[in-house]
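Numbering (this note's numbering), first residue to last: 15 to 473. One structure below.
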Amino acid sequence: MAKFKHVLVIPYPAQGHVTPLLKLAHCIADYGVKVTFVNTEFIHAQVMAANPGLDEGSSRVKFVAIPDGLETDEERKDIPTKMESILSVMPDHLQELIEKVKKQSDGNEDEQISFMIADLTVGWALEVAERMGIERAGFWPASASALVMTLHIPKLIEGGVVDNNGFAPKNDLITILEDLPAYKSNDLVWSCPEDPAIHKAIFKYLSSIVHHSKRTNSFLCNSFRYLEAPACSGIPGALPIGPLMASARLVHRRGSLWNEDSTCLNWLDQHPALSVIYIGFGSTTIFGMEQFYELAHGLEQIARPFLWVVRPDLTDGPVTEFHDGFLQRVRNYGKVVQWAPQEEVLAHPAVACFFTHCGWNSTLEGLSNGVPLLCRPYLGDQFLNRSFICDVWRVGLGVDGDENGLITRHEVRKKLLAVLGSEEIRANCLRVKEMARKSVSEGGSSLKNLQSFVELMKA
Ligand code: UDX
Numbered sequence: 015m016a017k018f019k020h021v022l023v024i025p026y027p028a029q030g031h032v033t034p035l036l037k038l039a040h041c042i043a044d045y046g047v048k049v050t051f052v053n054t055e056f057i058h059a060q061v062m063a064a065n066p067g068l069d070e071g072s073s074r075v076k077f078v079a080i081p082d083g084l085e086t087d088e089e090r091k092d093i094p095t096k097m098e099s100i101l102s103v104m105p106d107h108l109q110e111l112i113e114k115v116k117k118q119s120d121g122n123e124d125e126q127i128s129f130m131i132a133d134l135t136v137g138w139a140l141e142v143a144e145r146m147g148i149e150r151a152g153f154w155p156a157s158a159s160a161l162v163m164t165l166h167i168p169k170l171i172e173g174g175v176v177d178n179n180g181f182a183p184k185n186d187l188i189t190i191l192e193d194l195p196a197y198k199s200n201d202l203v204w205s206c207p208e209d210p211a212i213h214k215a216i217f218k219y220l221s222s223i224v225h226h227s228k229r230t231n232s233f234l235c236n237s238f239r240y241l242e243a244p245a246c247s248g249i250p251g252a253l254p255i256g257p258l259m260a261s262a263r264l265v266h267r268r269g270s271l272w273n274e275d276s277t278c279l280n281w282l283d284q285h286p287a288l289s290v291i292y293i294g295f296g297s298t299t300i301f302g303m304e305q306f307y308e309l310a311h312g313l314e315q316i317a318r319p320f321l322w323v324v325r326p327d328l329t330d331g332p333v334t335e336f337h338d339g340f341l342q343r344v345r346n347y348g349k350v351v352q353w354a355p356q357e358e359v360l361a362h363p364a365v366a367c368f369f370t371h372c373g374w375n376s377t378l379e380g381l382s383n384g385v386p387l388l389c390r391p392y393l394g395d396q397f398l399n400r401s402f403i404c405d406v407w408r409v410g411l412g413v414d415g416d417e418n419g420l421i422t423r424h425e426v427r428k429k430l431l432a433v434l435g436s437e438e439i440r441a442n443c444l445r446v447k448e449m450a451r452k453s454v455s456e457g458g459s460s461l462k463n464l465q466s467f468v469e470l471m472k473a
């Protein structure tokens, strides 16, 4: 019987990247593939602390760590500093790691790394693999439509659609592929309306992906053909294998970086079907204090059951004082946690809608569970995801800012009521949910792609 290669899997060091790649690692391990999963030392310590037992037992996934070259939490939160350090420090450490595994294998070829799956946002890893004669595939953690835009960066610059820093000088619609809906100029995948320096840094970082992507012919995407057929067809070598879901059997396989507060699941159990508003803005969104207060007042005014994830670093100032009064006032219908088991929350029958920042994982998790979405994007591809949610798949609505960009409590209340009351949105959600389920079921397009990819990993 053909043996499998030893596969190294490496994500960009952030929650929204570790989660889908860890799910993929476990998926292929279930077929018998031996996987070494490479985190940065910092992320490794976080994942292990929040998921005791993840690296034990019968799992074929082994966890190892390399340095990211950063010293402090502040440096890691500063996107340009983090990206620079990753690019300059990690490639050499990755190469050393692969060499070390080879040495330890003592000539046993089965033990040596012979295949690499690299997050395209650490696309330099594909160059390391190429240099070392290792077969490889890229993985894209966002939407296929976002990958199309990223791979077309040189053409966008050439055509004057964006300048060398990724800013669009005109407000025109952007057509990249004929079959794909035209992109809005403020839906650029590297958008950061609140900070042009971050916009520039992300653009520079993503531009390097175009070059690195030439090191592979396979692009695994966490999407499914029904959802993004034109984008999938527009990427030569695209293998949509999503939506990647954590199996109910081993939920810790998604590798949360923080302890999940599962008391919210018991709390949800006490609520009728389709009665609870779930609010979660991912792992990196930060709100100014005024905006945070408006959201809180909006939820208070709507006076319906809600579950809200308020990370300790969700705001740019201290919220304790406000929080105490707020929690007291909403105690009969609201619950606040610091980090939730989000996939279980979204799968819970009590959840009626999801107020989200439109991170791609959150978007897919909402779609896979048929939950209508209310969108408030913050950074990067989240703006593009909002457009698809609202205008293409029609599974949600967006909230609009006032003349100062503030999303007021009235807007929050109005849009939540509109999403909750829309029969059309709910019907569209159920249709997409069904198609997501079919894609990963026996005979489904994503499962077939995954199975043929696993064949590639046979020695
Ligand atoms: C980011 C980007 O937003 C995303 O679009 C990109 O493709 C990957 O990185 P992030 O902003 O954290 O990630 O959002 P998202 O993609 O939604 O990922 C967050 C993950 O954390 C989700 O899988 C979600 O289930 C999980 N989560 C979030 C929890 O488990 N508990 C929580 O309380 C909140």
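Beta carbons are placed, not taken as given, at the ideal position from N, Cα and C, and that holds for glycine.
Check: State the Cα-Cα distance for the pair L328 and V32, rounded to the nearest angstrom.; Outcome: 20 Å
Check: DSSP on K19, reduced to helix/strand/coil?; Outcome: coil
Check: Under a three-way DSSP split, which group does M130 fall into?; Outcome: strand
Check: Answer yes or no: do T4 and R150 have a C-beta to C-beta separation smaller than 9 Å?; Outcome: Here the chain has residues from 15 to 473 only, and residue 4 is not among them.
Check: Helix, strand or coil: how does DSSP classify K452 here?; Outcome: helix
Check: Give the range of the beta strand (DSSP E) segment to which W322 is assigned.; Outcome: 320-323
Check: Is the beta carbon of R325 less than 9 Å from the beta carbon of W353?; Outcome: yes
Check: Which residues does DSSP list as the beta-bridge partners of W154?; Outcome: C235
Check: Within 10 angstroms of the Cβ of N273, are there 16 or more other Cβ atoms? Answer buried if so, exposed if not.; Outcome: exposed
Check: Using a threshold of 8 Å, is the CB atom of L279 nearer than that to any non-hydrogen atom of ligand 1?; Outcome: no
Check: Can you tell me which of the three DSSP states G294 falls into?; Outcome: strand
Check: Take the Cβ of S466 as the centre, count every other Cβ of all protein chains shown within 10 Å, and call the residue buried at 16 or more, exposed below.; Outcome: exposed
Check: L108 and V52: beta carbons closer than 9 Å?; Outcome: yes
Check: Reducing DSSP to helix, strand and coil, say where V385 ends up.; Outcome: coil
Check: Between the stretch 407-422 and the stretch 450-469, are three or more C-beta pairs nearer than 8 Å?; Outcome: no
Check: Do the CB positions of I148 and S119 come within less than 9 Å of each other?; Outcome: no
Check: Here's a check: name, in chain order, each residue in its chain whose Cβ is nearer than 7 Å to the Cβ of P332, leaving out the five neighbours to either side.; Outcome: none
Check: On the three-state DSSP scale, how would you describe G348?; Outcome: strand
Check: Going straight from the alpha carbon of I80 to that of G269, what length do you get?; Outcome: 17 Å
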